[in-house]
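A.B. asks: I'd like to ask you about the structure that follows.
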Ligand code: GDP
Ligand code: IMO
Ligand code: MG
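Numbering (the working numbering), first residue to last: 10 to 435.
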């Protein structure tokens, strides 16, 4: 059986974790394919909330094998802390597998992330300061350490020594900081982290393909989102990996023909954390409503998320670059009670209308939204369990999204809990 991909269509925090958890009920394996602990995926199951950063969202099911693919950058300390958190709450992490090819985030990556941000001053990207960019940079420079290096102390020390020769020069000569101590890092990671992670380190490509060969359903869980994609997002205000559906191929070792379903997760409005262009951003009381009612504060860093109206230009682009088969709309309930709801159907920049995302970044920066305004609904949607229960205005809003994005809407979320979802095209 082929794989299904869950991908964010905006700037992250669309509810990928919730939908991955939901879909994982019918899957034998869930694979994270990129990103690291910059992600924060919240699941609410039987009244309990779980905030996951690295462990794939299928972990709550006993029948699911959660796999961290080669495309992920892993901070071993964070992974162990997350496993401890899950175990302490009665969730077994025994089945968790970590690709031996996944790159490691080590303490100097985190330090460099903060230093580069400080260096950028007012032009900072607003990263999560988790060391994501520097770890992927080391991977590209071919000096990174991988999970498999934890299995061989000699290789670990050798590679660490080599990379620190350069990195310590950057820390001391460029940033005027103290050098990091290779022995100290090696001791902690080899004596504390390696024994704990060794039973989980595996050939993830072989695991994924044995599931596919056995005819089982597998799910690929994206982190971040299309507009944070290194190639397709609002560069340079992006993350350092490829969250788009194609990233599932490189980040987990499958081919395009192994994928038969791509579910784009879209919030019923838009949020963004960190810097960068955001044409439909709201600075008024409607924005405050979205943030307060939608509890738009980062799972990960606690930062207030920037709010805005839904942007159909973004959805059209996301549909293209991910080959979306359907959209899952989340947080529709947060729009309850608004007089009207707006959807951006095109941009205007320097007197020109853009129905598709302008490829040149400076045009995007100058773009103002062309809105269509639709009537809102006064009903509480949180208990809706089927399409027929929707007020006409919410039905029209979802149909309008389908028309504008050119992609059918499948599932719709009306609350954080696993059960708060209904099918729009059953
Ligand atoms: P992710 O990073 O894409 O997994 O999303 P986050 O977990 O960072 O943010 C989404 C937030 O919205 C979480 O707190 C979820 O529990 C919550 N959530 C998801 N779907 C819905 C929904 O349909 N309605 C409401 N009210 N909350 C939702
Ligand atoms: P999930 O998976 C929202 C943003 C950061 C910053 C930019 C680069 O929960 O949707 P990085 O630390 O990756 O170098 O930061 O990307 N960012 C996210 N925003 N949700 C996320 O993950 C994010 N991961 C990174 O705020 O603007
Ligand atoms: Mg999140």
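Just so it is clear, CB atoms sit at the ideal spot from N, CA and C, and this is done for glycine as well.
Keep in mind it's a predicted model, so treat the numbers as computed, not measured.
When the Cα atoms are used, what is the spatial distance from residue 427 to residue 54?
C.D. replies: Taking the chain shown and counting its residues from 1, one reaches residue 427 at position 418. Taking the chain shown and counting its residues from 1, one reaches residue 54 at position 45. Going from the Cα of residue 427 to the Cα of residue 54 covers about 6 Å.
A.B. asks: Flag residue 308 as yes when its Cβ comes closer than 7 Å to any non-hydrogen atom of ligand 3, and as no otherwise.
C.D. replies: Mapped onto the chain shown, residue 308 falls at position 299. True, at least one ligand heavy atom lies under 7 Å from that Cβ.
A.B. asks: One question on the structure: do residue 337 and residue 419 come within less than 8 Å of each other, judged by their Cβ atoms?
C.D. replies: Along the chain shown, one-based indexing puts residue 337 at 328. Along the chain shown, one-based indexing puts residue 419 at 410. Taking 8 Å as the Cβ cut-off, residue 337 and residue 419 qualify as a contacting pair.
A.B. asks: Express the C-alpha separation of residue 430 and residue 202 in angstroms, rounding to a whole number.
C.D. replies: One-based indexing of the chain shown puts residue 202 at position 193. One-based indexing of the chain shown puts residue 430 at position 421. Their backbone Cα atoms lie some 39 Å apart in a straight line.
A.B. asks: I need the straight-line Cα distance from residue 432 to residue 219, nearest angstrom please.
C.D. replies: Taking the first residue of the chain shown as position 1, residue 432 is located at position 423. Taking the first residue of the chain shown as position 1, residue 219 is located at position 210. Cα to Cα, the separation comes out at about 31 Å.
A.B. asks: For the beta strand (DSSP E) that contains residue 224, what are its first and last residues?
C.D. replies: Locating residue 224 in the chain shown gives position 215, counting from the first residue. Here residue 224 belongs to no beta strand (DSSP E), and DSSP marks it neither H nor E.
A.B. asks: Given a cut-off of 8 Å, decide if residue 198 and residue 85 are closer than it, judged by their beta-carbon atoms.
C.D. replies: Mapped onto the chain shown, residue 85 falls at position 76. Mapped onto the chain shown, residue 198 falls at position 189. A contact, by the Cβ cut-off of 8 Å.
A.B. asks: Pull the bridge partners of residue 432 from the DSSP assignment, please.
C.D. replies: As a position in the chain shown, residue 432 is number 423, starting the count at 1. Residue 432 is bridged to 420.
A.B. asks: Quick check on the DSSP output: the beta strand (DSSP E) that includes residue 337 runs from which residue to which?
C.D. replies: Within the chain shown, numbered from 1, the residue matching residue 337 stands at position 328. Looking at the DSSP string, the run of the beta strand (DSSP E) that includes residue 337 is 335-339.
A.B. asks: Should residue 356 go down as buried or exposed, given a rule of 16 or more other Cβ atoms within 10 Å for buried?
C.D. replies: What you label residue 356 is simply residue 347 of the chain shown in a count that begins at 1. Counting Cβ neighbours within 10 Å, residue 356 comes out buried, since at least 16 surround it.
A.B. asks: Between which two residues does the alpha helix (DSSP H) carrying residue 273 extend?
C.D. replies: Taking the first residue of the chain shown as position 1, residue 273 is located at position 264. Element bounds for residue 273: not the alpha helix (DSSP H) but the beta strand (DSSP E), 268-276.
A.B. asks: Can you name, in chain order, every residue of its own chain whose Cβ lies under 7 Å from the Cβ of residue 173, other than the five neighbours on each side?
C.D. replies: Along the chain shown, one-based indexing puts residue 173 at 164. Counting only Cβ-Cβ distances below 7 Å, and skipping sequence neighbours, we find 189 and 191.
A.B. asks: Mapping DSSP to helix, strand and coil, what is residue 189?
C.D. replies: Along the chain shown, one-based indexing puts residue 189 at 180. Coil, per DSSP.
A.B. asks: Kindly indicate which three-state DSSP category residue 4 falls into: helix, strand or coil?
C.D. replies: The question about residue 4 has no answer here: the residues shown for the chain are numbered 10 through 435.
A.B. asks: Is the beta carbon of residue 276 closer than 8 Å to that of residue 351?
C.D. replies: Counted from its first residue, the chain shown places residue 351 at position 342. Counted from its first residue, the chain shown places residue 276 at position 267. Cβ atoms of residue 351 and residue 276: not closer than 8 Å.
A.B. asks: Fully enclosed by the region 104-130, which alpha helix (DSSP H) runs are 4 residues long or longer?
C.D. replies: Fully enclosed alpha helix (DSSP H) runs of 4 or longer: 116-129.
A.B. asks: Please report how far the alpha carbon of residue 39 lies from the alpha carbon of residue 360, in whole angstroms.
C.D. replies: The residue given as residue 39 occupies position 30 in the chain shown. The residue given as residue 360 occupies position 351 in the chain shown. C-alpha separation (whole angstroms): 46 Å.
A.B. asks: Distance, Cα to Cα, residue 310 vs residue 99?
C.D. replies: Numbered from its first residue, the chain shown carries residue 310 at position 301. Numbered from its first residue, the chain shown carries residue 99 at position 90. Cα to Cα, residue 310 sits roughly 25 Å from residue 99.
A.B. asks: Note down the Cα distance separating residue 157 from residue 402, rounded to an integer number of angstroms.
C.D. replies: Against the chain shown, residue 157 aligns to sequence position 148. Against the chain shown, residue 402 aligns to sequence position 393. Those two C-alpha atoms are separated by around 54 Å.
A.B. asks: For residue 181, which residues in the same chain have their Cβ closer than 8 Å to its Cβ, ignoring the five residues on either side in sequence?
C.D. replies: Along the chain shown, read from residue 1 onward, the residue named residue 181 stands at position 172. Within the same chain, residue 181 has close Cβ partners 187 and 188.
A.B. asks: Look up residue 44 in the DSSP assignment and say whether it is helix, strand or coil.
C.D. replies: One-based indexing of the chain shown puts residue 44 at position 35. Note: residue 44 maps to strand in three-state DSSP.
A.B. asks: In the DSSP assignment, find the unbroken alpha helix (DSSP H) run with residue 91 in it and report its ends.
C.D. replies: Numbered from 1 along the chain shown, position 82 holds the residue referred to as residue 91. Counting along the chain, the alpha helix (DSSP H) containing residue 91 begins and ends at 85-97.
A.B. asks: Closer than 6 Å by C-beta to residue 364: which residues in its own chain qualify, once you throw out the five before and the five after it? Chain order, please.
C.D. replies: The count along the chain shown starts at 1 and reaches residue 364 at position 355. Only 355 meet the Cβ criterion.
A.B. asks: Please find out if some non-hydrogen atom of ligand 2 comes closer than 7 Å to the beta-carbon of residue 114.
C.D. replies: Residue mapping note: residue 114 aligns to position 105 of the chain shown, counting from 1. Result no, Cβ not under 7 Å from ligand 2.
A.B. asks: Helix, strand or coil for residue 57 per DSSP?
C.D. replies: If you number the chain shown from 1, residue 57 lands on position 48. Three-state DSSP puts residue 57 in a strand.
A.B. asks: Thinking C-alpha only, which one of 255, 239 and 259 is nearest residue 248?
C.D. replies: Locating residue 248 in the chain shown gives position 239, counting from the first residue. Nearest option by C-alpha distance: 239.
A.B. asks: Report buried or exposed for residue 148, applying the criterion of at least 16 other Cβ atoms within 10 angstroms of its Cβ.
C.D. replies: Here residue 148 corresponds to residue number 139 of the chain shown, with the count starting at 1. The residue is buried, with at least 16 neighbouring Cβ atoms inside 10 Å.
A.B. asks: In chain order, what residues of the same chain lie with their CB nearer than 6 Å to the CB of residue 358, ignoring the 5 residues before and after it?
C.D. replies: Taking the first residue of the chain shown as position 1, residue 358 is located at position 349. So the list reads 372, 375 and 376, once near-sequence residues are dropped.
A.B. asks: Could you name each continuous beta strand (DSSP E) segment of 3 residues or more that falls completely within the region 241-316, going from the start of the chain to the end?
C.D. replies: Those beta strand (DSSP E) runs which fall completely within the region 241-316 and span 3+ residues are 268-276 and 279-281.
A.B. asks: Near residue 65, what residues of its chain come up, given a Cβ to Cβ distance below 6 Å and the 5 sequence neighbours on each side ignored?
C.D. replies: Within the chain shown, residue 65 is the residue found at index 56, counting from 1. Taken in chain order, the residues that qualify are 39, 41, 75 and 230.
A.B. asks: Give a yes or no on whether the C-beta atoms belonging to residue 77 and residue 61 are separated by under 8 Å.
C.D. replies: Counting from one through the chain shown, the residue named residue 77 turns up at place 68. Counting from one through the chain shown, the residue named residue 61 turns up at place 52. Against a cut-off of 8 Å, the Cβ pair of residue 61 and residue 77 comes out as no contact.
A.B. asks: Could you pull the start and end residues of the alpha helix (DSSP H) that residue 1 belongs to?
C.D. replies: The structure shown has nothing for residue 1, since the chain only spans 10 to 435.
A.B. asks: For residue 22, verify whether its CB is less than 7 Å away from any heavy atom of ligand 3.
C.D. replies: To locate residue 22, count along the chain shown from 1; it is residue 13. Yes, the beta carbon of residue 22 sits closer than 7 Å to at least one heavy atom of ligand 3.
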